[in-house]
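To start, the structure itself, in structure tokens.
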Amino acid sequence: MASVVMGVHLLGLFICAITVKQLHRARQAMLGSILLCLVASVALFTTHYFLWYLSAMAMAFSAGVYAAAWGCFLKERIPGDHRMTAVADVLIGAILVMILIDVLTVNWNIWSGKLLSLVVLLMAALMTLRLSSEKSLEDIPQSPHLPPETASVPYLQRTLIRPFVWLCAFIIIITLNAGLMLQ
0 MASVVMGVHL LGLFICAITV KQLHRARQAM LGSILLCLVA SVALFTTHYF LWYLSAMAMA
60 FSAGVYAAAW GCFLKERIPG DHRMTAVADV LIGAILVMIL IDVLTVNWNI WSGKLLSLVV
120 LLMAALMTLR LSSEKSLEDI PQSPHLPPET ASVPYLQRTL IRPFVWLCAF IIIITLNAGL
180 MLQ
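Throughout the sequence shown, residue numbering follows numbering that gives the first Met the number 0, covering 0 to 182 in sequence.
This is the structure we're talking about:
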């Protein structure tokens, strides 16, 4: 089941990355995926396990869409030298929220974790609605050590490979850590 859900999540990432190229479309994709997660979460309040599997697949797909659409905002609104920090902050925040939901679910009751998850989804929807009023990239001061405008594409690719590898390693380690912690 976990590999199917992961595959559906990757499918959502790829479909959104291919189809969504503009910020207003990215915002629509983010809001649509939150709405799909809210609707699919209703199945978690039932005792039908088959609905849980369908719900997990729908939410995994929409999480992939949301992550890829958020990547559009990351690319367009955050200067290059601040992106790694922004991604790290988001990952840390997501892990902390996941830990809080897990602690409530295991130590108190399952309904508190489910309700907190819905509250987090609603907060994400409200924050996504605010995205259009945020500062544009022109308002953010650029770092003085960015490569010149005339830099060639191979130079940019070489400079992006190392941070990308470190980001992938960071995500893998955090994912393994979270999985072990939840076991």
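Where is the CB? At the ideal position from N, CA and C, for every residue including glycine.
Note to self: Which same chain residues end up closer than 7 Å to leucine 10 when comparing Cβ atoms and leaving out the 5 residues on each side of it in sequence?
What the structure shows: Phe60 and Gly63
Checklist line | Any 3 or more C-beta pairs closer than 8 Å across the stretch 34-54 and the stretch 76-96 | finding: no
Checklist line | Straight-line Cα distance separating alanine 16 from threonine 127 | finding: 18 Å
Item checked: glycine 11 in three-state terms, based on DSSP -> helix
Notebook entry, point to check: Which of helix, strand or coil does DSSP assign to isoleucine 77?
Noted result: coil
Next item on the list: With a threshold of 16 other CB atoms inside 10 Å of the CB of tryptophan 165, please say whether the residue is buried or exposed.
Entry: exposed
Check: Where are the alpha helix (DSSP H) runs, 4 residues long or more, that stay fully inside the stretch 65-135, in chain order?
Finding: 82-106 and 109-129
Check: Looking at C-alpha atoms only, which residue of Trp69, Val102 and Met97 is the closest neighbour of alanine 86?
Finding: Before going further, note that residue 86 is valine rather than alanine in the sequence given. Nearest C-alpha to valine 86: Trp69.
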